[in-house]
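For reference, the structure discussed in these notes is given below.
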Amino acid sequence: MDGGDPGIRATAGSPTPPDRTETGDGPFPSALERARRRSGAHPGLARAGRNAMRPDRVDYRENPRRLFRATGALVLLGTVALLPACGSGDGDGSPEDPRPTAVSVLTLEVQEVELERHWTGRMEPLRTLSVQAPQEGRVAHVVARDGDQVHSGEVLLQLEGPDLQARRSVLEERRIQLVEELARWRRLGEAGAAGPGEVAAANLRLLEVQEEAAALDATVETYVIRSPVSGQVYGSTVSPGSNVGAGQILLGVDDESSMGVRLVVAASETEFLERLDRLILRDDRGNELSVDRIAFASDLHPSFVRADLYLHENGARGRRGVTVTYLASEQLLLVPWTAVASDGDRNWVARVADGDPPTVERVAVELGRAHPDGIEVLGGLVPGDRVIRYEPRSHPEGRQIDPREGDATSPPESSTEESPPSTGMASTGEGAER
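Residue numbering for the sequence shown follows the numbering used here, starting at 11 and increasing by one per position.
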């Protein structure tokens, strides 16, 4: 229609729509127009409401989800259109060629390695004895209390039986009577009024009572509880007047001759603890302790053992913390971490063999303990062997090497060690690193 909005069509018989270029009305009003409509200051609001009811119009203010979908579709189409243009800096889209792995050749030498291990434990008596009541009785006296230091044979407490004192009193009275009776019979015998038989009978009765009294005294002695060893008393469970039964535990005594340190360590660390001359023990008070002997027990776990370090009798007393240190210097052949690869359950290195041209061969190695400077070599290599390792600057963590990947003909990058041959280097069939 001439002179009208080119973006609006009119059908036959329908009224000509108003000019929306002036009012900003239509399915896609401008942001300014929407702000005016919300403020209610535009006279075209009523007409916009009527247009929203028409089936060929979509009011995106009433259905914002459709507006979101339409906007998302446009963004997706734009992204797809821009993807072919993305590529490398030179515009050909090809990825950058990977940089060759830097390697170097290292000559193995025996190194002096400081070995140091630390364990923490507690100094305590490694053997304690429980004192039991020999028979039923009542506690008469308690001599040693918890924490007291006692010597072997020293009285800890004393018991008394239910009728022990009564029996002893009766026997004592009977003994006194028999002594007086024997004295009378002897006087009568001296006067000729009694024969030797009466005197001997009175003496025999006295001896019987004395033997019974001696047996009773031995029984009384069993009620006296003495310390079996020298040490410290702990865990007393009785007090004067308490009744106890036969076999009841009365208290405990730490055996001071068994003072030591108890540790729980990995089974692989027993080789260090067996070197008593390399062990340094210090308690939490700074006192240095010396070890007399050590005993191991593997009743905890297959991978752990209990180690009991018995100390010399140097006056160490009390329970306190102890630090055990193993310190030694050993001559070891170490191989760098980045020179070792694994193939299943085997470890191997790439060794440079002398020749013209030099060759690289794969050698199986037996490894030992790990150290900060490398791994201990137990077999497969000797001092003077040259091995290839990955340059630590490019692979500080080492790598799993596939001996079948590539060859060693690519020139290595700079290193502080001797560089491997860059030409004429052949593999012995196992391959070499790149």
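Here a beta-carbon is modelled for each residue, glycine too, at the ideal position from N, C-alpha and C.
Report task. On a CA-only basis, which of Val345, Glu284, Glu164 and His322 is nearest Ala305? Give me that one, please. Result -> On the sequence shown, position 295 is the one that residue 305 refers to. Here the closest residue by C-alpha is Glu284.
**Report entry** With 16 other Cβ atoms within 10 Å as the buried cut-off, status of Pro447
**Finding:** Because the chain here runs from 11 to 444, residue 447 falls outside it and cannot be looked at.
Report task. List the residues that DSSP assigns as beta-bridge partners of Arg215. Result -> Position 205 of the sequence shown, counting from 1, holds the residue named residue 215. Residue pairing for Arg215: DSSP places it in no beta bridge.
Query raised in the report: If you draw a straight line from the C-alpha of Asp353 to the C-alpha of Glu371, how long is it?
Result: If you number the sequence shown from 1, residue 353 lands on position 343. If you number the sequence shown from 1, residue 371 lands on position 361. Each residue's alpha carbon lies about 15 Å from the other.
Report task. Use the C-beta contact count for Glu266: other C-beta atoms within 10 angstroms, 16 or more gives buried, fewer gives exposed. Result -> Position 256 of the sequence shown, counted from the start, is the residue given in the question as residue 266. Burial is judged here by how many other beta carbons sit within 10 angstroms of a residue's own beta carbon; Glu266 has at least 16 and is buried.
Query raised in the report: In the structure shown, what three-state DSSP assignment does Thr280 receive?
Result: On the sequence shown, position 270 is the one that residue 280 refers to. In this structure, Thr280 counts as helix in the three-state DSSP scheme.
Requested in this report: Within the segment 309-375, note down every full beta strand (DSSP E) run reaching 3 residues or more, in order along the chain.
Outcome: Within the segment 309-375, the complete beta strand (DSSP E) segments of 3 residues or longer fall at 314-321, 330-345, 351-353 and 356-363, listed in chain order.
Query raised in the report: Could you give the C-beta distance for Pro238 and Val149, rounded to a whole number, given that I count them as a contact under 8 Å?
Result: Looking up residue 238 in the sequence shown gives position 228. Looking up residue 149 in the sequence shown gives position 139. With 8 Å as the limit, Pro238 and Val149 do not qualify as a contact, their Cβ atoms being about 19 Å apart.
**Report entry** Residue of Val275, Phe282, Gly270 and Asp309 minimising C-alpha distance to Leu319
**Finding:** Locating residue 319 in the sequence shown gives position 309, where the first residue counts as 1. The residue with the shortest Cα to Cα distance from Leu319 is Gly270.
Query - Where Gln121 falls: helix, strand or coil (DSSP) - result: For this step, residue 121 is matched to residue 111 along the sequence shown. Three-state result, Gln121: strand.
Query raised in the report: Per DSSP, which one or two residues make a beta bridge with Asp264?
Result: Sequence index remark: in the sequence shown, residue 264 carries index 254 (1-based). Note: Asp264 sits in a beta bridge opposite Thr138.
Query - Which of helix, strand or coil DSSP assigns to Glu164 - result: The residue given as residue 164 occupies position 154 in the sequence shown. It is coil, neither helix nor strand.
Report task. Would you please state the rounded distance, in angstroms, between the beta carbons of Arg292 and Thr333? I believe it to be under 8 Å. Result -> Within the sequence shown, the letter at position 282 stands for residue 292. Within the sequence shown, the letter at position 323 stands for residue 333. Indeed, because the Cβ distance is near 5 Å, the residues count as touching under 8 Å.
Query - Straight-line Cα distance separating Glu124 from Arg295 - result: The residue given as residue 295 occupies position 285 in the sequence shown. The residue given as residue 124 occupies position 114 in the sequence shown. If I take the Cα positions, the gap works out to 27 Å.
Report task. Can you give me the start and stop residues for the beta strand (DSSP E) that Tyr4 sits inside? Result -> The question about residue 4 has no answer, for the chain in this structure spans 11 to 444.
Query raised in the report: If we count the other Cβ atoms within 10 Å of its Cβ and call it buried at 16 or more, is Ala154 buried or exposed?
Result: Residue numbering aside, residue 154 sits at position 144 when the sequence shown is read from its first letter. Buried, by the Cβ-count rule.
Query - Cβ-Cβ separation, Val230 to Asp156 (assumed contact under 8 Å), whole Å - result: As a first step, residue 156 must be located in the sequence shown, where it is residue number 146. As a first step, residue 230 must be located in the sequence shown, where it is residue number 220. Under the criterion of beta carbons closer than 8 Å, Asp156 and Val230 do not qualify as touching, at roughly 26 Å.
Query - Distance, Glu122 Cα to Ser339 Cα - result: Locating residue 339 in the sequence shown gives position 329, counting from the first residue. Locating residue 122 in the sequence shown gives position 112, counting from the first residue. C-alpha separation (whole angstroms): 7 Å.
Query raised in the report: Hey, would you say Leu391 sits closer than 9 Å to Leu116, going by beta carbons?
Result: Residue numbering aside, residue 391 sits at position 381 when the sequence shown is read from its first letter. Residue numbering aside, residue 116 sits at position 106 when the sequence shown is read from its first letter. Using a Cβ distance threshold of 9 Å, Leu391 and Leu116 do not count as a contacting pair.
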